[in-house]
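**Q** Below you'll find the structure I mean.
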Amino acid sequence: MRTRGGRGSSRRTQRLLLWCAATDRTFERAVAADGRPVLTGKCIHCNTRHTITEDGAPLTSASIEHIVPRAHGGTDAIANLAIACNRCNYGKGHRLDDRPWHDPTLQKVIATLQERRAARMRPPPEWLDLPPLAPAEGREADDGA
Ligand SMILES: [Zn+2]
1 MRTRGGRGSS RRTQRLLLWC AATDRTFERA VAADGRPVLT GKCIHCNTRH TITEDGAPLT
61 SASIEHIVPR AHGGTDAIAN LAIACNRCNY GKGHRLDDRP WHDPTLQKVI ATLQERRAAR
121 MRPPPEWLDL PPLAPAEGRE ADDGA
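Under UniProt numbering, the first residue of the sequence shown carries the number 1, and numbering increases by one thereafter.
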């Protein structure tokens, strides 16, 4: 199941969006037109700029990308998550997530995204008040399964 941003996004999605932004060095503190403090940073796929509030509510069409797709056992570990445009996420989902695990194109996309996510990784900034993660989130990927 895809987790979407936008209107009506769940608290869970907002929490994960906020954690992704907090741990992604492209996301910087900014002020929205209405004066709200926000975070702005880049889509993991196409570098389109996205904005979320400090509560994790997306003000642009941002969604949570699972780098290793959940269909292939990808978890909610923060290193497996990134912020992506709905359009980018949806496109990848349809083109790639249903391919067999050893499909070379799937493997290449995953490797590229993992590299990019690792390069952007940072410890959460101290000025950001982050909600606690649920037990299944934030951990390294489970092995086995
Ligand atoms: Zn994008």
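Note that the Cβ used here is the ideal one computed from N, Cα and C, for glycine as well.
1) In whole angstroms, give me the CA-to-CA distance for Ala22 and Arg99.
2) In this structure, does DSSP put residue 164 in helix, strand or coil?
3) Which value, in whole angstroms, describes the spacing of the CA atoms of Ala57 and Arg117?
4) Assign Asn47 to one of two classes, buried (16 or more other C-beta atoms within 10 Å of its C-beta) or exposed (fewer than that).
5) Buried or exposed: Pro131, going by 16 or more other Cβ atoms within 10 Å of its Cβ?
6) If I follow the unbroken beta strand (DSSP E) through Ile78, where does it start and stop?
7) State yes or no: is the C-beta of Thr48 nearer than 6 angstroms to some heavy atom of ligand 1?
**A** Quick answer:
1) Locating residue 22 in the sequence shown gives position 22, where the first residue counts as 1. Locating residue 99 in the sequence shown gives position 99, where the first residue counts as 1. Spanning the two alpha carbons is a distance of roughly 31 angstroms.
2) The question about residue 164 has no answer here: the residues shown for the chain are numbered 1 through 145.
3) Numbered from 1 along the sequence shown, position 57 holds the residue referred to as residue 57. Numbered from 1 along the sequence shown, position 117 holds the residue referred to as residue 117. About 21 angstroms.
4) Here residue 47 refers to the residue found at position 47 of the sequence shown. The residue in question, Asn47, is exposed, as its Cβ has fewer than 16 Cβ neighbours within 10 Å.
5) Numbered from 1 along the sequence shown, position 131 holds the residue referred to as residue 131. With fewer than 16 neighbouring CB atoms inside 10 Å of its own CB, Pro131 falls in the exposed class.
6) Locating residue 78 in the sequence shown gives position 78, counting from the first residue. Counting along the chain, Ile78 falls outside any beta strand (DSSP E), and DSSP gives it neither H nor E.
7) As a first step, residue 48 must be located in the sequence shown, where it is residue number 48. Yes, since a heavy atom of ligand 1 falls inside the 6 angstroms radius drawn around the Cβ of Thr48.
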